[in-house]
Amino acid sequence: QVQLVESGGGQVQPGGSLRLSCAASGIRLSAYSMMWHRRVPGKQRELVATITRVGGTIYADSVKGRFTISRDSARNTVHLQMNNLKSEDTGIYYCNALNLAIGGNYWGQGTQVTVSS
């Protein structure tokens, strides 16, 4: 059974930092493109960051220069380092493992991030 479990969310003041983690069981994350999405109340889900199977990274313009996605293959975990957080970063963050070639598309349950003073 495949499971993705996010952790590291919480409440932080504007300008602060958080590091989200997504730990996988049942699949090898190195075989997947990994993405972090977020859902902000009243808005559509937004793709925030992607790391491809070969290590390439892509970021939404709204987080470029502030967020960093990385993969720890030894621990089968993906991280999202979020710096200089803003109130508009508040939302539920989900990790997603995708490999369409093998029909793999898995989601975690989400972790809440709240940026507020």
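Each position in the sequence shown, counted from 1, maps to that position plus 4 in the working numbering. Just so you know, even glycine gets a beta-carbon here, dropped at the ideal spot from N, CA and C.
Exercise. What distance in whole Å lies between the Cβ atoms of Gly114 and Tyr98, which are believed to be in contact at a cut-off of 8 Å?
Worked result: 5 Å
Problem set entry | Among Ile96, Gly59 and Ser66, the one whose alpha carbon lies nearest that of Tyr36 | Gly59
Exercise. First and last residue of the beta strand (DSSP E) that includes Ser11?
Worked result: Gln7 to Ser11
For this session: Compute the Euclidean distance between the alpha carbons of Ser74 and Glu92, then round it to the nearest angstrom.
Result: 22 Å
Exercise. Where Thr56 and Leu89 are concerned, what is the direct C-alpha to C-alpha distance, given to the nearest angstrom?
Worked result: 24 Å
Exercise. Does the beta-carbon distance from Val119 to Thr94 come in below 8 Å?
Worked result: yes
Exercise. If we ignore side chains and look at the alpha-carbon of each, how far apart do Arg43 and Val52 end up?
Worked result: 10 Å
For this session: Give the secondary structure of Ser34 by DSSP, where H, G and I count as helix, E and B as strand, and everything else as coil.
Result: helix
For this session: Tell me whether Ala64 sits in a helix, a strand or coil according to DSSP, three-state version.
Result: coil
For this session: Taking all protein chains shown into account, decide if Leu104 is buried (16 or more other Cβ within 10 angstroms of its Cβ) or exposed.
Result: exposed
Exercise. What does Leu24 pair with, by DSSP beta-bridge criteria?
Worked result: Leu84
Exercise. Quick one, are the C-beta atoms of Leu24 and Tyr110 less than 8 Å apart?
Worked result: no
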